[in-house]
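In the numbering used here, the protein residues as written are 18 to 442.
Yeah, the Cβ is synthetic: ideal placement off N, Cα and C, and Gly gets one too.
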RNA sequence: GGCGGGAUUCCCGAGCGGCCAAAGGGGGAAGACUGUAAAUCUUCUGUCUCCGACUUCGAUGGUUCGAAUCCAUCUCCCGCCA
């Protein structure tokens with residue numbers, strides 16, 4: 018199976034400038050291709066991961082990814098797929114985001130010399146003059162065409178600033194520069210990038226005289242047609258461990274819809290196509306498949322050791338899906354002894370807080386981050402969702418004192434999946 | 001620059017002098033059922049020292065016994081015209 022077929026089978030292909038030409042290109046030479054990321058935040062989240070995974074596969078097949086972080090375009094804001102303009106970031110914010118994203122991306126692709134190229138489009142935009150740019154590039158763009166572009170059309174009603182309107186021209190220029198200076202021949206991106214990407218291939222053809230291609234990757238939705246990558250609390254699942262703990266990251270994948278597991282394994286695990294099909298086929302152990310998915314996805318983002326810990330912690334708490342290891346898999350999760358100690362997320366609080374008066378339970382729920390306010394904590398208790406050391410508490414006025422701790426620790430639980438080990442300091 | 005429309009709780013969106021902490025939907029949380037799934041059903045979803053009090057409806061200042069609702073000024077958004 019060649020790389021193009023693999024991308025295709027794994028579901029990475031949505032629209033392209035020509036499937037046959039792209040397959041031909043990818044199978045006949047080492048291709049430099051680029052994917053752009055806008056530094057609109059200081060961390061990527063799961064929703065950004067699809068193009069990253071495509072990059073990985075292509076790199077493994079011997080092609081060279083050019084990872085473009087948009088230090089310039091990030092200052093403009095891409096209107097594609099947005100209902101309204103984003104807040105404009107300061108140049109300093111953009112610059113620090115660029116660094117943060119670079120670091121995260123380096124987990125997913127090999128950064129060894131010559132295997133990948135990192136660029137920042139600020140390098141070629143920062144010194145360009147407006148007049149020169151208009152004369153050189155503006156000439157090739159038809160406003161009529163631009164207005165017909167979906168991302169522009171949909172914003173015409175709600176308003177679109179000239180700033181944002183220019184975005185696709187800048188992105189197109191990126192492609193032109195990368196083609197001219199580095200010999201970049203392809204661009205990959207999210208489905209919503211289609212218009213911008215095509216603008217790029219046309220610019221390269223008309224101005225540079227070179228034939229280049231682009232391909233979009235489908236937009237990933239969760240079971241309810243929502244944008245993929247939100248969970249518990251509607252928050253994004255971040256790649257940054259400080260924002261989303263490894264345990265929560267693992268849990269996000271572990272809790273995937275049955276119906277999505279195959280697709281997710283194709284996208285986010287390195288397991289071969291045939292194995293994924295077997296794991297998720299008729300009568301397969303779907304929960305084991307989810308464990309493998311969670312383990313593999315966590316390994317990619319946080320490393321094997323962290324993934325192993327998360328696997329053991331989650332399995333220890335909720336049970337392992339395949340304790341006898343009957344399911345055949347090439348995943349290294351198969352080698353893990355399923356009996357290690359349970360590690361739950363911990364919160365440390367000073368002992369004094371639980372002496373004499375003690376601490377009201379709603380307060381404690383807030384202190385350890387389970388509830389966002391004491392009112393919220395009360396409702397949780399009233400709803401029958403709170404447990405201390407597996408004993409259900411329905412008294413809103415429950416006071417937690419040293420007596421409730423066993424060996425300096427206590428396990429507070431809200432709902433089925435939300436645990437917090439409270440440790441006295 | 002002129003004319004018109006709008007800003008409501010996480011989001012969308014009702015409300016248009018007291019019955020409003022504010023309908024409805026979405027999202028989220030908990031419970032039941034389950035497989036740490038989906039679907040379904042029930043409850044909850046401003047804050048607090050929580051059977052009572054306090055603070056919210058773009059901002060500020062008025063009118064009124066009483067305003068998210070009326071008036072004035074301001075800020076921001078949108079449309080049409082220039």
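Simplified DSSP state of residue i, which is helix, strand or coil
{"i": "residue 289", "result": "coil"}
{"i": "residue 363", "result": "strand"}
{"i": "residue 194", "result": "helix"}
{"i": "residue 20", "result": "helix"}
{"i": "residue 440", "result": "strand"}
{"i": "residue 54", "result": "strand"}
{"i": "residue 416", "result": "strand"}
{"i": "residue 213", "result": "helix"}
{"i": "residue 423", "result": "strand"}
{"i": "residue 25", "result": "helix"}
{"i": "residue 272", "result": "coil"}
{"i": "residue 303", "result": "helix"}
{"i": "residue 166", "result": "coil"}
{"i": "residue 334", "result": "helix"}
Proximity to residue i [Cα-Cα], best of the options
{"i": "residue 365", "options": "322, 302, 429, 413", "result": "429"}
{"i": "residue 211", "options": "235, 417, 275", "result": "235"}
{"i": "residue 63", "options": "237, 113, 154, 229", "result": "237"}
{"i": "residue 86", "options": "161, 51, 299", "result": "51"}
{"i": "residue 107", "options": "260, 88, 220", "result": "88"}
{"i": "residue 11", "options": "264, 286, 372", "result": "No statement about residue 11 is possible, as the shown extent of the chain runs from 18 to 442 and does not include it."}
{"i": "residue 21", "options": "292, 255, 404, 71", "result": "71"}
{"i": "residue 439", "options": "412, 378, 389", "result": "378"}
{"i": "residue 127", "options": "161, 184, 230, 69", "result": "69"}
{"i": "residue 325", "options": "341, 345, 356, 295", "result": "356"}
{"i": "residue 423", "options": "405, 431, 257, 414", "result": "405"}
{"i": "residue 200", "options": "57, 293, 48", "result": "48"}
Spatial distance of residue i from residue j (CA atoms)
{"i": "residue 26", "j": "residue 19", "result": "11 Å"}
{"i": "residue 354", "j": "residue 321", "result": "14 Å"}
{"i": "residue 232", "j": "residue 187", "result": "18 Å"}
{"i": "residue 421", "j": "residue 427", "result": "7 Å"}
{"i": "residue 33", "j": "residue 39", "result": "8 Å"}
{"i": "residue 407", "j": "residue 81", "result": "53 Å"}
{"i": "residue 313", "j": "residue 336", "result": "18 Å"}
{"i": "residue 351", "j": "residue 319", "result": "18 Å"}
{"i": "residue 138", "j": "residue 129", "result": "21 Å"}
{"i": "residue 301", "j": "residue 111", "result": "46 Å"}
{"i": "residue 84", "j": "residue 223", "result": "24 Å"}
{"i": "residue 144", "j": "residue 385", "result": "50 Å"}
{"i": "residue 282", "j": "residue 371", "result": "46 Å"}
{"i": "residue 396", "j": "residue 417", "result": "17 Å"}
{"i": "residue 113", "j": "residue 59", "result": "7 Å"}
{"i": "residue 207", "j": "residue 67", "result": "8 Å"}
{"i": "residue 161", "j": "residue 221", "result": "19 Å"}
{"i": "residue 189", "j": "residue 122", "result": "23 Å"}
{"i": "residue 183", "j": "residue 133", "result": "29 Å"}
DSSP bridge partner residues for residue i (one or two, in chain order)
{"i": "residue 232", "result": "33, 205"}
{"i": "residue 404", "result": "409, 430"}
{"i": "residue 49", "result": "81"}
{"i": "residue 435", "result": "431"}
message: Just to confirm the assignment: which complete beta strand (DSSP E) runs, minimum length 3, are found wholly within the segment 62 to 101?
response: The qualifying runs are 81 to 86.
task: Let me know the beta strand (DSSP E) ranges lying completely inside the segment 366 to 402, each 3 residues or longer, listed in chain order.
output: Qualifying beta strand (DSSP E) stretches: none in this window.
query: Along the chain, which unbroken stretches of the beta strand (DSSP E) at least 3 residues long are found entirely within the segment 109 to 163?
result: 134 to 137
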